[in-house]
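Presented below is the structure to which this report refers.
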Amino acid sequence: MSGDDAPASTPPPDDASGGTTDPSTTDPTAPAPSAPAQSAPAPTAAPAAPAAATTAVLEPTPTSPGAVPGIEARGVRRAFGSVQALDGVDLVARAGAVTALVGPNGSGKTTLLLVLAGLLVPDSGHVRMAGADPVTDGASARARTGWMPDAFGTWDSLTAREVLTTFADAYRVPRAQVRGRVDELLATVHLTEYADRPAAVLSRGQKQRLGLARALVHDPQVLLLDEPASGLDPRSRVDLRVLLRRLADEGRTVLVSSHVLSELEEMADDAVFISRGRTVAGHEAVDAATARRTWHVRALSRTALTAWLDTIGAAWRPDDTLGHPGTGALAEGAPDAPGGVLIEVEGDAGAARLLADAVAAGVPVTALSPAGGALEQAYLALDEERR
């Protein structure tokens with residue numbers, strides 16, 4: 002991932018993360034390492050509990066008969082006082098795949114990730130991380146799990162190299178392998194030039210990349226990522242998608258939480274949806290090339306467009322999103338104005354046929370485009386069904 006725009010000697014005022022957090026408060030996989038004497042500022046307070054939520058079952062698709070799912074959660078409940086944050090959660094994420102954990106802000110995604118990481122003990126239900134229970138076999142579960150919180154706390158007086166070396170020691174990575182492993186990870190997240198600079202000078206995006214390297218330092222089988230693209234520049238977001246795809250192709254389980262569906266669209270194989278304390282759905286991610294979804298259709302004459310759609314029996318609805326005069330409901334006194342409609346079409350091939358037929362019928366179509374990503378449309382459709 003490419004570098005952000007942090008100055009070399011002082012943290013940027015806008016995107017440097019505020020305050021520091023003792024990494025032991027966000028890392029479930031090892032006892033808290035002892036920082037050098039000049040470091041270790043006081044940790045920040047733990048984040049407030051998110052609002053209530055549950056998830057749906059996503060049945061595993063093992064790569065071989067009898068394969069153990071990378072992540073399995075059954076009947077997981079967790080309350081914070083009177084708030085039931087997780088209420089019977091069921092989730093399976095398969096090895097060798099990227100699973101998107103999707104839901105609005107405050108829906109319980111982070112609470113679920115904290116339970117999976119072993120940082121919160123569920124009130125009931127069970128969790129398995131590559132076959133290990135974080136509650137009864139914490140050491141094994143932590144050794145198999147890499148955790149990246151949405152805000153990576155570190156010791157600002159340590160260099161990026163020292164941060165990774167400290168965690169490698171805490172994970173008991175063999176000393177002979179530590180130097181090479183740290184150098185490899187710094188190169189992977191494009192922080193080699195910052196390797197020997199204090200973490201305090203890193204921008205928020207650079208700290209995010211350091212947090213990803215820290216999650217990978219012990220070569221885990223399962224990776225939990227909470228809003229990993231937060232603070233990253235566009236190039237770094239592309240690099241993140243490529244890296245997560247590669248990790249999944251190596252056979253790891255990758256669970257990514259985000260409420261920004263466009264970030265998940267190109268990397269997710271499966272999706273689990275969380276919303277308002279109730280199960281929404283869980284399924285393999287939609288193939289945009291074949292899935293039925295909504296398309297924008299725009300023409301120089303919306304009257305001609307809608308008349309033709311009515312003739313062929315195609316259902317349509319006004320499109321109020323194109324931002325062009327005449328778009329949306331038909332304007333009085335302008336029956337032949339330019340405009341657009343929304344129409345459901347079966348896959349890319351169906352859209353191509355629709356366009357060809359419209360042109361052949363003499364409809365002056367000027368644009369045809371998807372009205373959103375396949376994952377976004379699937380989520381909105383599921384949410385609409387529950388209203």
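As numbered in our numbering, the sequence shown has no gaps in its residue numbers, which increase by one up to the final residue, 388. Ideal Cβ positions, reconstructed from N, Cα and C, are used throughout, including at glycine. Since this is a predicted model, take the numbers as computed values, not measurements.
May I have the straight-line CA-CA distance separating residue i from residue j, to the nearest angstrom?
i           : j           : result
residue 273 : residue 266 : 13 Å
residue 369 : residue 341 : 9 Å
residue 81  : residue 254 : 29 Å
residue 130 : residue 302 : 57 Å
residue 294 : residue 92  : 26 Å
residue 201 : residue 161 : 9 Å
residue 101 : residue 108 : 14 Å
residue 126 : residue 306 : 55 Å
residue 390 : residue 120 : Outside the displayed span of the chain (2 to 388) sits residue 390, for which this structure offers no information.
residue 354 : residue 364 : 14 Å
residue 95  : residue 166 : 30 Å
residue 86  : residue 79  : 6 Å
residue 319 : residue 150 : 42 Å
residue 75  : residue 314 : 46 Å
residue 188 : residue 113 : 31 Å
residue 77  : residue 248 : 27 Å
residue 380 : residue 178 : 44 Å
residue 73  : residue 134 : 10 Å
residue 65  : residue 136 : Because the pLDDT of residue 65 is 43, which lies under 50, any placement of that residue in the model is unreliable, and the number read from its coordinates should be weighed accordingly. Near 27 Å, if we compare the C-alpha coordinates of residue 136 and residue 65.
residue 350 : residue 356 : 10 Å
residue 42  : residue 164 : Annotation note: pLDDT 40 at residue 42 (below 50); position unreliable, coordinate value reported separately. Roughly 14 Å between the two C-alpha positions.
residue 252 : residue 275 : 25 Å
residue 128 : residue 238 : 30 Å
residue 243 : residue 184 : 19 Å
residue 88  : residue 194 : 46 Å
residue 362 : residue 264 : 38 Å
Across which residues does DSSP place residue i in a beta bridge pair?
i           : result
residue 227 : 258
residue 102 : 258, 273
residue 127 : 75
residue 252 : Answer is none; residue 252 lacks a bridge partner.
residue 81  : 84
residue 297 : 343, 370
residue 166 : Partner(s): none; residue 166 has no beta bridge.
residue 319 : 342
residue 133 : 130
Does the distance from the CB of residue i to the CB of residue j come in under 9 Å?
i           : j           : result
residue 257 : residue 226 : yes
residue 228 : residue 259 : yes
residue 296 : residue 372 : yes
residue 376 : residue 262 : yes
residue 116 : residue 123 : yes
residue 199 : residue 241 : no
residue 224 : residue 217 : yes
residue 192 : residue 207 : yes
residue 220 : residue 98  : no
residue 182 : residue 169 : yes
residue 144 : residue 172 : yes
residue 300 : residue 366 : yes
residue 146 : residue 222 : yes
residue 298 : residue 338 : no
Any heavy atom of the ligand ADP closer than 8 Å to the CB of residue i?
i           : result
residue 297 : Among the components modelled here there is no ligand, and therefore nothing to report on the ligand ADP.
Report the three-state DSSP secondary structure of residue i (helix, strand or coil).
i           : result
residue 349 : helix
residue 235 : helix
residue 11  : With a pLDDT of only 29 at residue 11, under the threshold of 50, the placement of this residue in the model should not be trusted; the figure read from the coordinates follows. Looking at residue 11 - three-state DSSP - the assignment turns out to be coil, as it is neither helix nor strand.
residue 91  : strand
residue 153 : coil
residue 181 : helix
residue 370 : strand
residue 146 : strand
residue 111 : helix
residue 304 : helix
residue 193 : helix
residue 312 : helix
residue 201 : helix
residue 216 : helix
Worksheet item: Do the stretch 210-228 and the stretch 141-159 touch if we need at least three Cβ pairs shorter than 8 Å?
Response: yes
Fill in: the stretch 307-317 / the stretch 341-352 touching (three or more Cβ pairs under 8 Å)
yes
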